[in-house]
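Asks: Mapping of the sequence shown onto our numbering: position 308 corresponds to residue 309, and the numbering continues sequentially without gaps.
Don't be surprised by glycine CBs; every beta carbon is placed ideally from N, CA and C.
Since we're looking at a predicted model, the values are computed, not measured.
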Amino acid sequence: ADDTEYDSEKNTFLGTGNAVCIIGGQNSKLEADMILYDQKNETIDARGHVTIIRDGQVTTGKSFKFKVGSDEYMITSPDTEINGATIIARTGEGSNEGLAFKKGTLKLPEPVYFGKNPFYGPISHWETAMQHRQNPGAYLPAKQVVKFKARKMVYEKYKEEGNLTVFGGKMMIGKFGIPTGKMIATITKEGNNVILPVAPSIGNNLQIGGTHIGPRFTSLFGKKGTIAWSPMIQIGGRDLNGNSSGGLGLSGQASINTPRLQANIAGGSVNKLLVADLRYRINNTAQFAGGINRFMDDGLYGFRRARVASEVVDRRIWSNVPYMSFVGLRSSAGWYQDNPQLVNLSPGYASLFGGTQTSTVMNSAFKAQVQLTGSTHPLFALGDEKLGVKSYLFGGVAARGYSSGDASLLGQVSPVFDIYLNRARFQIGYAQSMARGNSPFVFDQFIQGSRSVNFQGDVKVSKYLTLGGGLGYNLQNKLFYSKRVMAAIGPEDFKVLLSREMVTGINRLGFDIIYGSPVGFNKLVLKQSPDHGNLGGI
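1. Between which two residues does the alpha helix (DSSP H) containing GLN208 stretch?
2. Within this structure, are the beta carbons of ARG280 and ASN294 separated by less than 8 angstroms?
3. For a quick check, are the C-beta atoms of GLY248 and HIS213 less than 8 angstroms apart?
4. Going straight from the alpha carbon of LEU536 to that of ALA101, what length do you get?
5. Quick one: residues in its chain with C-beta nearer than 6 angstroms to the C-beta of SER333, no 5 flanking neighbours on either side, listed in chain order?
6. Where does GLU43 land, buried or exposed, given buried means 16+ other C-beta within 10 angstroms?
7. For ASP278, which option in VAL271, GLN288 and ASN284 has the closest C-alpha, if you only look at C-alpha atoms?
8. With DSSP collapsed to three states, give me the class of HIS378.
9. Under 8 angstroms, do PRO201 and ASP494 count as touching if we go by C-beta distance?
10. Measuring only the C-alpha atoms, how far is PHE522 from ARG91?
11. Give the range of the alpha helix (DSSP H) segment to which GLY349 is assigned.
12. Pairing CB atoms from the stretch 451-470 with CB atoms from the stretch 342-360, are three or more of them under 8 angstroms?
13. Do the stretch 339-357 and the stretch 383-398 make contact, defined as three or more Cβ pairs closer than 8 angstroms?
14. Would you mind working out which of SER453, TYR482, LEU373 and GLY491 sits nearest LEU476, comparing C-alpha positions?
15. Beta-carbon within less than 6 angstroms of THR77's beta-carbon, same chain only, minus the 5 sequence neighbours each way: which residues are those?
16. Starting from MET131, trace the beta strand (DSSP E) both ways and give me its first and last residue.
17. Contact defined as beta carbons within less than 8 angstroms: I believe LYS224 pairs with THR189. What is the distance between those atoms, to the nearest angstrom?
18. DSSP on VAL195, reduced to helix/strand/coil?
19. With a Cβ-Cβ cutoff of 8 angstroms, do TYR156 and LYS524 count as a contact?
20. Got a sec? Which residues, its chain only, sit under 6 angstroms from VAL486 by beta carbon, not counting five neighbours each side?
21. What span of residues does the beta strand (DSSP E) with GLN254 cover, start to end?
22. What is the DSSP secondary structure of TYR140, counted as helix, strand or coil?
23. Would you please state the rounded distance, in angstroms, between the beta carbons of PRO123 and ALA489? I believe it to be under 8 angstroms.
24. Do SER365 and GLN342 have their C-beta atoms within less than 8 angstroms of each other?
25. If I follow the unbroken beta strand (DSSP E) through ASN84, where does it start and stop?
26. Between GLY511 and LYS117, which are expected to be in contact by the criterion C-beta below 8 angstroms, what is the C-beta distance as a whole number of angstroms?
27. Does ASP532 come out as helix, strand or coil in the three-state DSSP assignment?
28. Ignore the nearest five residues each way along the sequence and tell me which others in ILE234's own chain have a CB closer than 8 angstroms to its CB.
29. Quick check on DSSP: helix, strand or coil for ILE188?
30. Going by DSSP in three states, ILE448 sits in which element: helix, strand or coil?
31. Kindly indicate which three-state DSSP category LEU411 falls into: helix, strand or coil?
32. What residue from PRO519, ASP513, GLY517 and SER518 has the CA that sits closest to GLN132's CA?
33. For GLN372, is the classification buried or exposed, using 16 other Cβ atoms within 10 angstroms of its Cβ as the cut-off for buried?
34. Have a look at the DSSP bridge pairing and note the partners of GLY521.
35. Quick check on PRO79: does DSSP put it in helix, strand or coil?
36. Just verifying my parser: in three-state terms, what is the DSSP assignment at GLY300?
The structure is reproduced here in structure tokens:
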């Protein structure tokens, strides 16, 4: 210290001005404007610009008291950073439980993004969802409407996975609170992974059909993965013969998600159907995709449902081609098995294949396919994105061959008009298609027809509600191949997305959430190690 005084009667040392104290046995260094060490009572009292350094972790505060013999201490107005997360509180108290911060906030190192089916909402939200997903921090509103708070948080610094547990969590919208229950998170400087261990689940359970209701249990898997399972009750459903049932039964779902692997399996007893899928990212452009009775993306042909699909898909996109906004190449090859009766799970969908299918022949074959698609820059643009219209051309060609000897070609061109009318946005397109050749399967027939129109749009009713819909109509067969209704509900940083595709009978519930505000807590316990000795450190 700049100045040191010793009081022999009281047996105290007083250091003032840049005072420094090394606490033996604690691997700790204390700095403050003033430090008083009472040898008789074995206490350390520090005041003014307090800084405590332990194992590379820095904590600042206004004052600090430490009882040497009992490992008990208190720091006022503590401010510290752990793995990039910032903790600010009124007080911090050390005990055998650890360092307990009281009445404060925890700010995560990076904003959190929660997304589930974010691109199945109204069309005006698609671009917003993509921006939120790529860079959530750049799109945080100045004042978030939704905030979280917790009764108690436990931060276990020694853990690499699941190091933050939240008890008594609440999602606050103004003064209105919605309990979120227990939450578990992995917090690192590289990013965050947050889950709800128990949450409600409602939907059509991987497109099995009917309505499925039950709890969903989720656990962390590694630093960035999750494992979930859900026992449910199934209400209604349609079987492979097209017969509808309003009965009750049991169903369930299990899933695993990591940055490379996503796998799901589900089943329902009412219509006795099993659905599963698996996707594994091989590299930045290629992935393995497999499915059982599952709608899967087939590029220009839309989403198709094979009994079994097992394929490798490579997707490449170029945005630097002259006159084009993008050019995409999709190549795929794999083995497939058909079940014609799968189209019977939705009457509207079956009509696109000629009506209810009675054949039980399950053809199988290998298929290789190449698709080239592209969209031009606007051919013309009038006005702006508040009141205006622009038009572009979208088109593509596809060629595929089967081990059965069959082959087919598809060509399509579609002028599209993108219309902005203040709170409303519409996209209208007309497609001229040419399909030639044959397929051994029912599921991958081209159902759009040689001439078709497509309309989709939405209206922003208010800041908290956008309603939308879409229609796809086969002019050749005079049948709808798509009917959709969609909604986005909530503030800009917390959207709940609802959609229903009436032709295929698929319902989807989604979320598009970004969060970066500090999480308020009554108590936060910091544990440095799993044992119960000096858990908090100093």
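Replies: Checking against the coordinates, here is how it stands:
1. Per DSSP, GLN208 belongs to no alpha helix (DSSP H) and is neither H nor E.
2. At a Cβ-Cβ threshold of 8 angstroms, ARG280 and ASN294 do not count as neighbours.
3. Result no, Cβ atoms of GLY248 and HIS213 do not sit closer than 8 angstroms.
4. In this prediction, LEU536 scores a pLDDT of 35, lower than 50, which makes its location untrustworthy; the coordinate-derived value is nonetheless stated afterwards. C-alpha separation (whole angstroms): 10 angstroms.
5. Once the five neighbours on either side are set aside, the close Cβ partners of SER333 are GLU312, VAL314 and GLN370.
6. Around the CB of GLU43, fewer than 16 other CB atoms lie within 10 Å, so the residue is classed as exposed.
7. Closest by C-alpha distance to ASP278, out of VAL271, GLN288 and ASN284, is GLN288.
8. DSSP places HIS378 in coil when its eight states are reduced to three.
9. Against a cut-off of 8 angstroms, the Cβ pair of ASP494 and PRO201 comes out as no contact.
10. Between PHE522 and ARG91, the C-alpha separation is close to 11 angstroms.
11. Residues 348-352.
12. Between the stretch 451-470 and the stretch 342-360, the count of C-beta pairs closer than 8 angstroms stays below three; the two stretches do not touch.
13. No, the stretch 339-357 is not in contact with the stretch 383-398.
14. Among SER453, TYR482, LEU373 and GLY491, the Cα nearest to that of LEU476 belongs to SER453.
15. Result list for THR77: GLY62, LYS63, SER64 and THR92, in chain order.
16. Unbroken run through MET131 is the alpha helix (DSSP H), 127-135; no beta strand (DSSP E).
17. Rounded, the Cβ-Cβ distance is 7 angstroms, consistent with contact.
18. DSSP places VAL195 in the strand class (E or B) of the three-state scheme.
19. Taking 8 angstroms as the Cβ cut-off, TYR156 and LYS524 do not qualify as a contacting pair.
20. Excluding positions up to five away in sequence, the list reads GLY470 and ARG501.
21. 245-258 is the span of the beta strand (DSSP E), which, as asked, contains GLN254.
22. Three-state DSSP puts TYR140 in a helix.
23. Indeed, because the Cβ distance is near 5 angstroms, the residues count as touching under 8 angstroms.
24. Taking C-beta atoms as the reference points, SER365 and GLN342 fail to come closer than 8 angstroms.
25. According to the DSSP assignment, ASN84 belongs to no beta strand (DSSP E), since it is labelled neither H nor E.
26. Right, the Cβ-Cβ distance comes to about 5 angstroms (below 8 angstroms), so this counts as a contact.
27. Residue confidence is low: ASP532 scores 49 on pLDDT, short of 50, so the model does not pin down where it sits. Its coordinate-derived value is still stated next. Correct three-state label for ASP532: coil.
28. Excluding positions up to five away in sequence, the list reads HIS213, ILE214, GLY215, LEU249, GLY250, LEU251 and SER252.
29. In this structure, ILE188 counts as strand in the three-state DSSP scheme.
30. Correct three-state label for ILE448: coil.
31. In the three-state DSSP reduction, LEU411 falls in the strand class (E or B).
32. Closest option to GLN132, Cα to Cα, is ASP513.
33. It is buried - the Cβ of GLN372 has at least 16 other Cβ atoms within 10 Å.
34. THR106 and LYS150, per the DSSP bridge assignment.
35. PRO79: coil per DSSP, three-state reduction.
36. Note: GLY300 maps to helix in three-state DSSP.
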